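Peer 1: If you count by the numbering used here, then the sequence shown holds residues 4 to 276, one letter each, in order.
Where is the CB? At the ideal position from N, CA and C, for every residue including glycine.
Here the structure is a predicted model, which means the values were calculated and not measured.
Here you go, one structure.
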Amino acid sequence: MDVSFLGGPQPQRGVGVVAPFDFALDRELWRWVPDEISLHLTRTPFVPVEVSLDLARLVSEHETLDEAVRALGAAEPEVLAYACTSGSFVGGIAGERAMCAAMRRSGERPSLTTSGALLEALEELGARRVALVTPYTQSVTESLEEYLAQAGAVVTGRAYLGLTRHIWKVPYRDVAEMARDAVGGTADALFISCTNLPTYDVIPQLEAELRIPVISANQVTMWAALRRLGTRAVGPYQALLDPAARRQWPLPDEGLRPGQGLPELPEGQEGWA
C-alpha cells in the first residue's frame with residue numbers, strides 16, 4: 004500500500020524535561036502539551052533516600068543536571084525544564100537561579116525550573132497572597148514557604164500530608180480536601196506543590212469551588228516551557244492557561260497586577276547550589 008500521500012510525520016518542536024528518578028506522572032505532563040510539541044524526558048539517577056530536603060538537594064546537584072541535560076541534547080529540544088518543585092526551591096532564589104544557569108551552560112538552550120515557573124505564574128495572575136497544598140513533610144513545606152517569602156509572596160494558609168514516598172498515588176479527593184483546608188478568605192491563588200502529585204483534572208473543579216486561580220507544579224512547568232516556545236499549554240478552563248477563565252474573579256486588590264513583576268530580590272544571596 005502506497006502511503007506517500009500522507010506526507011508526514013509533521014515536524015515536531017521539543018521540550019527537554021529532567022525529572023527525579025521517582026517521577027511517575029509522564030502522562031500528566033503530556034496532557035498540557037499541544038500536538039505539535041514533543042516531550043523528551045530523562046530522569047536523575049536513583050538514590051536510596053525518601054522524599055526530604057536531603058533528597059531535594061541530591062536530585063538537583065549541578066553535576067546531576069549536567070549529565071541529564073547532555074543526555075537530552077541528542078533529541079535537540081528547544082527549551083529545557085527541570086520538573087521538580089522541592090529540588091528547585093530547596094536552595095532558595097539564588098539556588099534556583101544557579102540551577103537555570105547550570106542547565107543553560109550544559110545545554111545551550113533556554114532553561115527553567117518548576118519553582119521558577121511558579122513565580123512566573125504568580126506574576127502572570129497578579130497573585131501575592133498564596134495558599135499552599137503539599138504532600139511533603141513539615142520541613143519541606145516550610146522550605147517552600149521560605150522560598151516564596153524571598154520572592155515577596157505571603158503564604159496565607161497551608162495543608163500538607165507528611166508523605167515521604169508514593170506521592171503519585173494520592174487521590175484527587177485528598178488533594179481537594181487539603182485545598183479546602185488551606186484556602187482562607189485572603190488568598191489570591193492556591194498552589195498545589197510537587198510534580199509527582201496528580202492535579203490535571205482537579206484544577207478546574209477547585210477553581211469553580213474556591214473562586215480563585217488554582218495552579219500546580221506540573222501545570223506551571225509546562226505553561227512556562229511552552230511559553231518560551233511561543234505556544235500555549237492546553238487544559239480545560241484553567242485560569243493560568245486561559246485569560247477568559249480569570250474574568251470570573253476580580254483581580255486582587257492588594258496583589259500584583261499582570262506584568263507588574265515581583266519585587267527585586269536581594270543580590271548576593273547564598274544558596275546551597
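Count the other C-beta atoms from every protein chain shown that fall within 10 angstroms of the C-beta of E267, then say buried if there are 16 or more, exposed otherwise.
Peer 2: Residue confidence for E267 is low, a pLDDT of 41 falling below 50, so the modelled location carries little weight; the figure read from the coordinates is stated next. By the 10 Å Cβ count, E267 comes out exposed.
Peer 1: Would the beta-carbon of R132 fall within 8 Å of that of D191?
Peer 2: Yes.
Peer 1: Note the first and the last residue of the continuous alpha helix (DSSP H) segment covering V205.
Peer 2: 205-213 is the extent of the alpha helix (DSSP H) around V205.
Peer 1: Report the option in S118, S41, Y150, A156 whose CA atom is closest to the CA atom of T189.
Peer 2: When each option's Cα is compared against that of T189, the closest is A156.
Peer 1: Assess, as a yes-or-no matter, whether the stretch 132-146 is touched by the stretch 108-116 under the definition of 3 or more beta carbon pairs within less than 8 Å.
Peer 2: Cβ pair count under 8 Å is below three, so no.
Peer 1: Taking 8 Å as the threshold (beta carbon to beta carbon), is Y175 in contact with chain B?
Peer 2: Of the protein chains in the structure, only one exists, and it is not chain B.
Peer 1: On the three-state DSSP scale, how would you describe S63?
Peer 2: Residue state, collapsed to three classes: coil.
Peer 1: If we count Cβ pairs, one from each stretch, closer than 8 Å, do we get three or more for the stretch 11-27 versus the stretch 36-49?
Peer 2: The stretch 11-27 is in contact with the stretch 36-49.
Peer 1: Return the chain-ordered list of same chain residues with a C-beta closer than 7 Å to the C-beta of R73, the five sequence neighbours on each side being excluded.
Peer 2: For R73, where only same-chain residues beyond five positions count, the Cβ hits under 7 Å are S109.
Peer 1: Candidates S118, L75, H65: which alpha carbon is nearest Q153's?
Peer 2: If we check each option's Cα against that of Q153, S118 comes out closest.
Peer 1: Leaving aside the five residues before and after Q272 along the sequence, list all residues of the same chain whose C-beta is less than 7 Å from its C-beta, in chain order.
Peer 2: Because Q272 carries a pLDDT of 30, less than 50, the predicted location of this residue cannot be relied on, and no value is offered for it.
Peer 1: Beta-carbon separation of G135 and R161 under 8 Å?
Peer 2: It should be noted that the sequence gives Leu, not Gly, for residue 135. In contact: L135 and R161 (Cβ atoms closer than 8 Å).
Peer 1: Please confirm if the stretch 226-241 is in contact with the stretch 51-59, defined as three or more CB-CB distances below 8 Å between the two stretches.
Peer 2: Too few Cβ pairs lie closer than 8 Å, so no.
Peer 1: Indicate whether L193 and A182 have their beta-carbon atoms separated by less than 8 Å.
Peer 2: In this structure, A182 lies closer than 8 Å to L193 by Cβ.
Peer 1: Among the candidates T67, A185, L147, whose CA atom is the shortest distance from the CA of M106?
Peer 2: That would be T67, whose Cα lies nearest to the Cα of M106.
Peer 1: Is the distance from the Cβ of N199 to the Cβ of D29 below 8 Å?
Peer 2: No, Cβ-Cβ distance for N199 and D29 is not below 8 Å.
Peer 1: Take the Cβ of P201 as the centre, count every other Cβ of all protein chains shown within 10 Å, and call the residue buried at 16 or more, exposed below.
Peer 2: The residue in question, P201, is buried, as its Cβ has 16 or more Cβ neighbours within 10 Å.
Peer 1: On the three-state DSSP scale, how would you describe R161?
Peer 2: Strand.
Peer 1: Which residue comes first and which comes last in the beta strand (DSSP E) that contains T117?
Peer 2: From DSSP, T117 is part of no beta strand (DSSP E) but of the alpha helix (DSSP H) over 117-128.
Peer 1: Apart from the five residues just before and just after A91, which ones in its own chain have a Cβ nearer than 7 Å to its Cβ?
Peer 2: The question names Ala, but residue 91 in the sequence shown is Ser. So the qualifying residues of the chain are S63, Y85, E99, M102, T116, T117, S118, G119.
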